[in-house]
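Note that the sequence shown covers residues 140 to 213 in my numbering.
So the structure is just underneath, and the comments pick up after that.
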Amino acid sequence: MSIGIVGAGALGASLARALAKKGIAATIANSRGPASLAGLTAELGPLITAGTTAEAASADIVIAAVRWADAEQV
């Protein structure tokens with residue numbers, strides 16, 4: 140089972156932290172690309188990886204952690 144988080148703001152980052160603490164792997168993505176998440180993924184360890192929005196959206200479970208106004212674009 141794979142988990143993808145689309146959105147790496149306060150909500151997405153908090154979800155990624157919670158998953159990492161529980162030992163659960165996930166891919167997190169934002170509109171700026173994986174390189175922009177290097178600091179966050181370094182902080183959270185090897186279980187949380189940065190990917191493209193397409194990679195995160197192709198996971199078995201997808202969490203859309205975006206503003207309501209942006210939800211249609213996800």
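All C-beta atoms in this analysis are idealised placements derived from N, C-alpha and C, irrespective of residue type, glycine included.
Spatial neighbours of Ser-153 in its own chain (CB-CB distance under 8 Å, excluding positions within 5 residues in sequence) are not present.
DSSP lists Thr-166 and Val-201 as the beta-bridge partner residues of Gly-143. Distance from Gly-143 to Ala-165 at the Cβ level is roughly 7 Å; contact confirmed, criterion being Cβ atoms closer than 8 Å.
Glu-182 and Ala-168 have their C-alpha atoms roughly 15 Å apart.
For Thr-191, the secondary structure class from DSSP, reduced to helix, strand or coil, is coil.
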